[in-house]
Amino acid sequence: MSIDCDYGEVLKLDATGPLAPARMPFIRKITEEIVAIHHSIKDFVDREIYQDPSGHLKAVFRQLDDLIALDIDDRSAEDILSNSRFNSAFDAISTFRSQYTAELEAEQAESILKSRDPWKTLTDFTYLPNYIQLAQTECQGAGLKPGDTVLFLGSGPLPLTLIVLCHQHGLNGIGIEQYPERAELSMRVLEKLGLSSQIRIISGNHLMLPLEEMPDLIMVAALAEPKKEIFDHLASVLPAGTKISHRIYEKGLRQMLDTFYHYELPERLREYLRIPPEPPVNNTSVFLTVAD
Ligand SMILES: C[S@@+](CC[C@H](N)C(=O)[O-])C[C@H]1O[C@@H](n2cnc3c(N)ncnc32)[C@H](O)[C@@H]1O
Numbered sequence: 010m011s012i013d014c015d016y017g018e019v020l021k022l023d024a025t026g027p028l029a030p031a032r033m034p035f036i037r038k039i040t041e042e043i044v045a046i047h048h049s050i051k052d053f054v055d056r057e058i059y060q061d062p063s064g065h066l067k068a069v070f071r072q073l074d075d076l077i078a079l080d081i082d083d084r085s086a087e088d089i090l091s092n093s094r095f096n097s098a099f100d101a102i103s104t105f106r107s108q109y110t111a112e113l114e115a116e117q118a119e120s121i122l123k124s125r126d127p128w129k130t131l132t133d134f135t136y137l138p139n140y141i142q143l144a145q146t147e148c149q150g151a152g153l154k155p156g157d158t159v160l161f162l163g164s165g166p167l168p169l170t171l172i173v174l175c176h177q178h179g180l181n182g183i184g185i186e187q188y189p190e191r192a193e194l195s196m197r198v199l200e201k202l203g204l205s206s207q208i209r210i211i212s213g214n215h216l217m218l219p220l221e222e223m224p225d226l227i228m229v230a231a232l233a234e235p236k237k238e239i240f241d242h243l244a245s246v247l248p249a250g251t252k253i254s255h256r257i258y259e260k261g262l263r264q265m266l267d268t269f270y271h272y273e274l275p276e277r278l279r280e281y282l283r284i285p286p287e288p289p290v291n292n293t294s295v296f297l298t299v300a301d
């Protein structure tokens with residue numbers, strides 16, 4: 010991926026553009042941080058495995074998390090995100106975050122497998138509070154009750170959403186993961202946590218839906234791709250009345266991670282609720298039903 014963006018140009022832009030003078034230092038600081046993050050990750054994107062002996066990437070990942078969670082006004086966010094010179098940087102940054110999230114999950118999954126106290130090792134995972142809050146939101150938004158079944162598309166090496174929904178909310182789960190090695194790792198983790206009777210993992214992707222068993226909710230991970238193919242397929246095969254929830258990056262600088270913006274949902278998928286994120290969560294949860 011060649012990145013031919015002249016950041017000098019970008020940074021110079023705001024000195025002459027329509028930005029309110031008061032906001033310029035703030036926007037400049039954020040712009041410089043995006044440039045720095047991009048420089049740190051651009052040579053790693055598309056590598057199979059992130060060799061990170063120095064832990065530098067972990068620091069960049071955290072820096073990116075702090076940046077996207079910044080409480081920024083919509084106008085400033087718009088000014089930064091609408092700068093088309095950043096598009097390739099945003100693509101590289103969201104690819105890095107998606108790939109590195111899976112790396113961190115795989116690392117934590119291996120620690121759980123090695124642990125004498127797997128539940129403690131799970132609860133020590135830095136990002137678990139995000140999933141606990143998301144699961145609460147999605148349970149309420151979809152009106153789920155104990156005994157219901159949820160299907161999660163994009164469950165990953167560590168199926169945190171399903172683990173929280175099943176362990177804390179008494180649901181049953183089905184996870185679908187496209188990479189067999191990640192699916193297999195997640196199955197071993199669930200076995201270790203004693204959850205394999207409550208959560209089933211299938212190695213595959215969205216094209217295997219619908220399954221024979223109809224879940225009470227189909228959840229689509231924020232990192233599930235490609236969005237257009239997934240939602241077009243769901244709209245074409247699911248029976249009317251099916252409930253779907255999905256996660257998007259919509260608020261503030263989180264939008265730089267959004268891969269949904271090029272795409273409109275098919276007419277058959279009707280939105281009935283949207284819940285914006287509360288820290289530490291980054292995703293907006295959107296709830297849909299399939300129309301006739
Ligand atoms: C890293 S996990 C993040 C979700 C997190 N583990 C959870 O429980 O909420 C996202 C996973 O989705 C998988 N994935 C992406 N697109 C997919 C698709 N279309 N079908 C199945 N899995 C997919 C990726 O391979 C990745 O492992």
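Residues 10 to 301 in our numbering are what the sequence shown spells out, letter by letter. In this text, a Cβ means the ideal position worked out from N, Cα and C, and glycines have one as well.
- Sequence-distant Cβ neighbours of K260 in its own chain, meaning closer than 7 Å and more than five residues away, are P285, P286 and T293.
- By the C-beta criterion, the region 98–109 is judged not to be in contact with the region 132–149, since fewer than 3 inter-stretch pairs fall below 8 Å.
- In this structure, ligand 1 has no non-hydrogen atom nearer than 8 Å to the beta-carbon of Q142.
- Annotation for I77: L262 and R263 place their beta carbon closer than 6 Å to its own, counting only its chain and skipping 5 residues before and after.
- Under the DSSP definition of a beta bridge, T298 partners with K252 and R279.
- Shown here for L79: same chain residues with a beta carbon closer than 7 Å to its own, the five before and five after excluded, namely G261 and L262 in chain order.
- Rounded to whole angstroms, the gap between the alpha carbons of D52 and E87 is 27 Å.
- Taking the Cα positions, Q145 is about 33 Å away from E42.
- Per DSSP, the unbroken alpha helix (DSSP H) holding M33 starts and ends at M33 to I50.
- Three or more beta-carbon pairs separated by less than 8 Å are not found between the region 238–253 and the region 183–196, which leaves the two stretches without contact.
- For P166, the shortest C-beta to heavy atom distance toward ligand 1 is below 8 Å.
- According to the DSSP assignment, L194 belongs to no beta strand (DSSP E) but to the alpha helix (DSSP H) extending over P189 to L202.
- For I239, the secondary structure class from DSSP, reduced to helix, strand or coil, is helix.
- A distance below 9 Å separates the beta carbons of L167 and A115.
- Two segments are said to touch when three or more pairs of C-beta atoms, one from each, lie closer than 8 Å; by this definition the region 197–215 touches the region 111–126.
- Distances taken from the Cβ of Y188 to the heavy atoms of ligand 1 include one shorter than 8 Å.
- In this structure, ligand 1 has a non-hydrogen atom nearer than 8 Å to the beta-carbon of T170.
- Here DSSP, grouped into helix, strand and coil, assigns L226 to strand.
- Of the residues assessed, A233 falls on the buried side of the cut-off, its CB having 16 or more other CB atoms within 10 angstroms.
- In the structure shown, S103 falls within a helical segment according to DSSP collapsed to helix, strand and coil.
- Spatial neighbours of T268 in its own chain (CB-CB distance under 7 Å, excluding positions within 5 residues in sequence) are listed in chain order as S103, E234 and K236.
- Taking non-hydrogen atoms of ligand 1 into account, the C-beta of N214 is found less than 8 Å away from one of them.
- Closer than 8 Å to some heavy atom of ligand 1: that describes the Cβ of E114.
- CA-to-CA, the gap between W128 and P30 works out to about 51 Å.
- One thing to note: A231 has its Cβ within 9 Å of the Cβ of R256.
- Within the same chain, R263 come within 6 Å of N291 by CB-CB distance, once the 5 residues on both sides are set aside.
- The beta carbon of G150 sits no closer than 8 Å to any heavy atom of ligand 1.
- For V295 against G250, the beta-carbon gap comes to about 18 Å, at or over 8 Å, which does not count as contact.
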